[in-house]
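S.K.:
There are 2 protein chains.
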Amino acid sequence: MTTESDARDELIDLAADFYDQFAGGEIPEMTLPTRTKSNIVYDEESGVWTYGDRTSTRSANSVGGARKLLKAAYTIEFLADQLEEDRSSTLRELYYLSESWDNTEAQFNSQDESNDLVEDLEIVTGVTREDFHMRPEESGATLMGPLKLREQTRRGEREIHCQEDVGEGGYQIPNNPDMIEFLDHDIEFALAVETGGMRDRLVENGFDEAYDCLVIHLKGQPARATRRITKRVHDELDVPILVFADGDPWSYRIYGSVAYGSIKSAHLSTYLATPEARYVGIQPEDIVEYDLPSDPLADSDINALESELEDPRFQTDYWEEQIELQLDIGKKSEQQSLASRGLDFVTDTYLPERLDEMGVL
Amino acid sequence: MTTESDARDELIDLAADFYDQFAGGEIPEMTLPTRTKSNIVYDEESGVWTYGDRTSTRSANSVGGARKLLKAAYTIEFLADQLEEDRSSTLRELYYLSESWDNTEAQFNSQDESNDLVEDLEIVTGVTREDFHMRPEESGATLMGPLKLREQTRRGEREIHCQEDVGEGGYQIPNNPDMIEFLDHDIEFALAVETGGMRDRLVENGFDEAYDCLVIHLKGQPARATRRITKRVHDELDVPILVFADGDPWSYRIYGSVAYGSIKSAHLSTYLATPEARYVGIQPEDIVEYDLPSDPLADSDINALESELEDPRFQTDYWEEQIELQLDIGKKSEQQSLASRGLDFVTDTYLPERLDEMGVL
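First to last, the protein sequences are chains A and B.
Using full-length UniProt numbering, you'd call the opening residue of the first sequence number 1 and step up by one each time.
Using full-length UniProt numbering, you'd call the opening residue of the second sequence number 1 and step up by one each time.
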């Protein structure tokens, strides 16, 4: 976590670079890593995918480029003020707020433009969006399990135990999970669960209590806040992270983004990704072994599986075997399809067997 | 709220009806209100839209009809057992679980089929899905405001104050909000807010504290649990409910479903709808008055507005005026576009002015 004044300093430094370039008679420019799949490389040390050596330059040597740097300068001023006042805002608010700027050339034409600029600033300064106090539009996950934490809110500190002090809905993590401090826990492992139906099944069946498991609800493709808290649980509490999702290519991508990060946020991999996270299921081999109710793969599923075979994140023996099996059987199954064996099958049989196989239990 | 044994009795009674019809030499049948827009009528007494007098009959006089009643009988048995064991399940689990039934004719062919059947059972028995212990797939809203409640969980009671005992994410309401008892409150009014970005803005700006406002996050089209808690807050705490959404036809539908219920759940209007709920904005007249950043109406927006003019729920002077104004100006604006006047405009100016106009403050 970067402090507010550090984040502010990084921004001011960037603006100062533009100033110095001007003052030195140079055309101002900003250099960024090229953000395409071919420029993602595996970082042995951290175990996640990050940008490679190829870079792109934004220069004021054209009207378009000059306008981009002007917008960057206005945005830097807004963010620096926001940090000084200890305020925060959403990406969408920033886009709208630009309409109030005095220089119409600095106003954004679309939200894609302002979103991209904030990502550029993250990359160049090495400060995360959260530390600029930019909030996401959508809220993150809920937690349920033997974890006691302290959240620093604008209204003071709150100490919350994620089983004893919450309702069945669990603890709603805040937009910036770095406002949380872990106080105490009895977690043996954390299970990051894709769907709300399965999250509720685990909680109803008392799986978190029986196995001292922290249930993290991913809510489909997980928000940054959810990936961040997952990483912090792993790194700070030293517990295994297991991802439990549907048995289809879109869910493998969810696992991929938890474990290895995404192309879009490769600059944040060391902040968001948990390379030690492992995949519990649903595996294609489970569809066969447990004869799960399934749907045939659609063309889009097949294309997605084939593209995963090319994806550096999935180039392991395990994933190649599973994905080829799935293409072979032509089927996909949802995690809730385990209910075809009864409502307790997932907690009494499936998860204990899988976790035992994986050496977690 | 129906008790578990009442819900179970209603289901058993329905199965007993089939039995009696058989025993009396009649062909078993089940009669339901016809569920189309033309069969929705305004109920003066409750102020919400409910089904009219037209009915449809499911009879075992064809193979298809007999199969439908067989599936109903199996589902009734499953639900009755679930209630007896104090368990619960999702609609998707029910669909998958039917694969374990001994009679393959009773198994569902698609989830639409099992979903529709559960709705039919709700209508015929007068018991809500929640009281059958069917959980939704997706979780409901969060609450933030001066409300202390007690939630009955499977792990005992939890007393939670929705400002003092929660983090910035707020209190996550459980799937069945009837497990909540309101203990104490200082709420002057409740604001049901469409987007996460605006919900977070209100909480960051301390609007809930400054105005003793309960902020309910609708998360787009609200889940049943969210509409239910909104109604209970209104009816039991006697506080005004205000809906704050984007200024487009899809958001007016969100308001419509909170206030008047939907065609799909017209049998639940008296349980879910809050006809006293009023619309704060964004109103088309706000787009003009505050010169808000806007997007042009797409063809689909225009069609939706025109269909709202035909919708009985929107046939009031207020809505006709607003919708016609919007068609005239050809623009729509999001609630976060208020940020074009600065981040505090919504809490310092817009909401206080609108709430004063409406007589809430």
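Glycine included, C-beta positions come from ideal geometry on N, C-alpha and C.
Pull up the DSSP beta-bridge partners for Thr55 of chain A, would you.
M.R.: What you label residue 55 of chain A is simply residue 55 of the first sequence in a count that begins at 1. Thr55 of chain A pairs with A:Pro33.
S.K.: According to DSSP, what are the bridge partners of His185 of chain B?
M.R.: Residue 185 of chain B sits at position 185 when you count from the first residue of the second sequence. DSSP, once it has assigned bridges, lists B:Leu147 as partnering His185 of chain B.
S.K.: Give the interface partners of Ser114 of chain A over in chain B, defined as CB-CB distance under 8 Å, in chain order.
M.R.: By one-based count along the first sequence, residue 114 of chain A stands at place 114. Chain B residues near Ser114 of chain A: none, gap ~12 Å exceeds 8 Å.
S.K.: Across which residues does DSSP place Pro296 of chain A in a beta bridge pair?
M.R.: What you label residue 296 of chain A is simply residue 296 of the first sequence in a count that begins at 1. Note: Pro296 of chain A sits in a beta bridge opposite A:Lys331.
S.K.: Taking DSSP as the reference, what is the three-state secondary structure of residue 435 of chain B?
M.R.: Past the boundaries of the shown model lies residue 435 of chain B; chain B is included only from 1 to 361, so the question cannot be answered.
S.K.: Along chain A, in chain order, which residues have C-beta atoms closer than 7 Å to that of Asn103 of chain B?
M.R.: On the second sequence, residue 103 of chain B is found 103 positions in, with the first residue counted as 1. None at all; the shortest Cβ gap to chain A is about 15 Å.
S.K.: Does any residue of chain B have a CB that is nearer than 7 Å to the CB of Ile187 of chain A?
M.R.: Looking up residue 187 of chain A in the first sequence gives position 187. No, its Cβ sits nowhere closer than 7 Å to a Cβ of chain B.
S.K.: What's the call for Tyr290 of chain A, buried or exposed, on a 16-neighbour Cβ count within 10 Å?
M.R.: Sequence index remark: in the first sequence, residue 290 of chain A carries index 290 (1-based). Buried, because 16 or more other Cβ atoms sit within 10 Å of the Cβ of Tyr290 of chain A.
S.K.: From which residue to which residue does the beta strand (DSSP E) around Glu157 of chain A run?
M.R.: For the purposes of this step, residue 157 of chain A is taken as the residue at position 157 of the first sequence. Glu157 of chain A -> beta strand (DSSP E) spans Gly156 to His161.
S.K.: Of the residues that make up the stretch 273 to 298 of chain A, which ones have a beta carbon closer than 9 Å to any beta carbon in chain B?
M.R.: Residues passing the 9 Å Cβ filter: Leu292 and Pro293.
S.K.: Which word fits Asp248 of chain B, buried or exposed, when buried means at least 16 other C-beta atoms lie within 10 angstroms of its C-beta?
M.R.: Numbered from 1 along the second sequence, position 248 holds the residue referred to as residue 248 of chain B. Asp248 of chain B should be labelled buried.
S.K.: From what residue to what residue does the alpha helix (DSSP H) around Ile76 of chain A run?
M.R.: In the first sequence, counting from the first residue as 1, residue 76 of chain A sits at position 76. That run of the alpha helix (DSSP H) goes Val63 to Glu84.
S.K.: Measuring alpha carbon to alpha carbon, tell me which of B:Ser294, B:Asp317, B:Gly342 and B:Arg313 ends up nearest Gly330 of chain B.
M.R.: By 1-based counting over the second sequence, the position of residue 330 of chain B is 330. Minimum Cα distance to Gly330 of chain B is reached at B:Ser294.
S.K.: Say whether the stretch 132 to 144 of chain B touches the stretch 218 to 237 of chain B, bearing in mind that this needs 3 or more beta-carbon pairs closer than 8 Å, one atom from each stretch.
M.R.: In short, these stretches touch, since the Cβ pair count reaches three.
S.K.: With which residues is Arg87 of chain B paired in a DSSP beta bridge?
M.R.: On the second sequence, residue 87 of chain B is found 87 positions in, with the first residue counted as 1. According to DSSP, Arg87 of chain B bridges with nothing at all.
S.K.: Quick check on DSSP: helix, strand or coil for Ala190 of chain B?
M.R.: Along the second sequence, one-based indexing puts residue 190 of chain B at 190. The answer is strand: DSSP assigns Ala190 of chain B an E or B state.
S.K.: Restricting to runs no shorter than 3 residues, where is the beta strand (DSSP E) found entirely within the stretch 229 to 278 of chain B?
M.R.: If we require 3 residues or more, the beta strand (DSSP E) runs fully inside the stretch 229 to 278 of chain B come out as 241 to 244.
S.K.: To the nearest angstrom, how far is the alpha carbon of Val127 of chain B from that of Val118 of chain B?
M.R.: Within the second sequence, residue 127 of chain B is the residue found at index 127, counting from 1. Within the second sequence, residue 118 of chain B is the residue found at index 118, counting from 1. The alpha-carbon atoms of Val127 of chain B and Val118 of chain B are separated by roughly 10 Å.
S.K.: Could you tell me whether the Cβ of Tyr96 of chain B comes closer than 7 Å to any Cβ of chain A?
M.R.: Here residue 96 of chain B corresponds to residue number 96 of the second sequence, with the count starting at 1. True, the Cβ-Cβ gap to chain A drops below 7 Å.
S.K.: Between A:His217, A:Glu10, A:Ala192 and A:Asp184, which lies nearest to Glu168 of chain A when the distance is taken from Cα to Cα?
M.R.: Start at 1 with the first residue of the first sequence, and residue 168 of chain A comes out as number 168. The shortest C-alpha separation from Glu168 of chain A is found at A:His217.
S.K.: Just list the residues that DSSP pairs Glu9 of chain A with in beta bridges.
M.R.: Locating residue 9 of chain A in the first sequence gives position 9, where the first residue counts as 1. It is Asp, not Glu, that sits at residue 9 of chain A in the sequence shown. DSSP output for Asp9 of chain A lists no bridge partner at all.
S.K.: Please list the terminal residues of the continuous beta strand (DSSP E) segment that includes Leu343 of chain A.
M.R.: Taking the first residue of the first sequence as position 1, residue 343 of chain A is located at position 343. Run containing Leu343 of chain A: none; DSSP gives neither H nor E here.
S.K.: Ordered along the chain, which non-local residues of its own chain (more than five positions away) have a Cβ less than 8 Å from that of Phe314 of chain A?
M.R.: As a position in the first sequence, residue 314 of chain A is number 314, starting the count at 1. Cβ within range, chain order: Tyr252, Gly256, Glu308, Glu320 and Ile323.
S.K.: For Gly156 of chain A, would you say it is in contact with chain B, using Cβ-to-Cβ distances shorter than 7 Å as the test?
M.R.: Taking the first residue of the first sequence as position 1, residue 156 of chain A is located at position 156. Not an interface residue.
S.K.: When DSSP builds the beta bridges, which residues end up paired with Met179 of chain B?
M.R.: For this step, residue 179 of chain B is matched to residue 179 along the second sequence. Its beta-bridge partners do not exist; DSSP assigns none.
S.K.: Work out the CA separation of Asp116 of chain A and Ala339 of chain B for me, nearest whole Å.
M.R.: Numbered from 1 along the second sequence, position 339 holds the residue referred to as residue 339 of chain B. Numbered from 1 along the first sequence, position 116 holds the residue referred to as residue 116 of chain A. Distance between the alpha carbons of Ala339 of chain B and Asp116 of chain A is about 19 Å.
S.K.: Rounded to a whole number of angstroms, what is the C-alpha to C-alpha distance between Pro240 of chain B and Glu236 of chain A?
M.R.: Taking the first residue of the second sequence as position 1, residue 240 of chain B is located at position 240. Taking the first residue of the first sequence as position 1, residue 236 of chain A is located at position 236. Spanning the two alpha carbons is a distance of roughly 45 Å.
S.K.: Please classify Tyr279 of chain A as buried or exposed, where buried requires at least 16 other C-beta atoms within 10 Å of its C-beta.
M.R.: Start at 1 with the first residue of the first sequence, and residue 279 of chain A comes out as number 279. Buried is the call here.
S.K.: If we ignore side chains and look at the alpha-carbon of each, how far apart do Gln283 of chain B and Trp250 of chain B end up?
M.R.: What you label residue 283 of chain B is simply residue 283 of the second sequence in a count that begins at 1. What you label residue 250 of chain B is simply residue 250 of the second sequence in a count that begins at 1. The alpha-carbon atoms of Gln283 of chain B and Trp250 of chain B are separated by roughly 13 Å.
S.K.: Using the beta-carbon of each residue, which ones in chain B are nearer than 8 Å to Ser110 of chain A?
M.R.: The residue you call residue 110 of chain A lines up with position 110 of the first sequence. Ordered by position in chain B, no residue passes the 8 Å Cβ test against Ser110 of chain A, which lies about 10 Å from the chain.
S.K.: Quick check on the burial criterion: 16 or more other C-beta atoms within 10 angstroms. Buried or exposed for Val48 of chain B?
M.R.: Within the second sequence, residue 48 of chain B is the residue found at index 48, counting from 1. When all chains shown are included, Val48 of chain B counts as buried.
S.K.: What residues from the stretch 162 to 190 of chain A come within 9 Å of chain B, judged by C-beta to C-beta, listed N to C?
M.R.: Flagged, chain order: Gln163, Glu164, Asp165, Val166, Gly167, Glu168, Gly169, Gly170, Tyr171, Gln172, Ile173, Pro174, Asn175, Asn176, Met179 and Ile180.
S.K.: Do you know offhand how far Ala359 of chain B's Cα is from Glu276 of chain B's?
M.R.: Indexing the second sequence from 1 puts residue 359 of chain B at position 359. Indexing the second sequence from 1 puts residue 276 of chain B at position 276. In the sequence as displayed, the identity of residue 359 of chain B is Gly instead of Ala. If you take the alpha carbons of Gly359 of chain B and Glu276 of chain B, they lie about 14 Å apart.
S.K.: Give a yes or no on contact between the stretch 94 to 103 of chain A and the stretch 68 to 78 of chain A, applying the rule of three or more CB pairs nearer than 8 Å.
M.R.: The answer is yes - the stretch 68 to 78 of chain A touches the stretch 94 to 103 of chain A, with three or more Cβ pairs under 8 Å.
S.K.: Please confirm whether Gln336 of chain B and Gly196 of chain B have their CB atoms less than 7 Å apart.
M.R.: Counting from 1 along the second sequence, the entry for residue 336 of chain B is found at position 336. Counting from 1 along the second sequence, the entry for residue 196 of chain B is found at position 196. No, Cβ-Cβ distance for Gln336 of chain B and Gly196 of chain B is not below 7 Å.
S.K.: Just to make sure I have the definition right: I need the residues of chain B whose C-beta is within less than 8 Å of the C-beta of Gln336 of chain A. Which are they?
M.R.: Reading the first sequence from its first residue, position 336 is the one you call residue 336 of chain A. Result: Thr90, Arg92, Glu93 and Tyr96.
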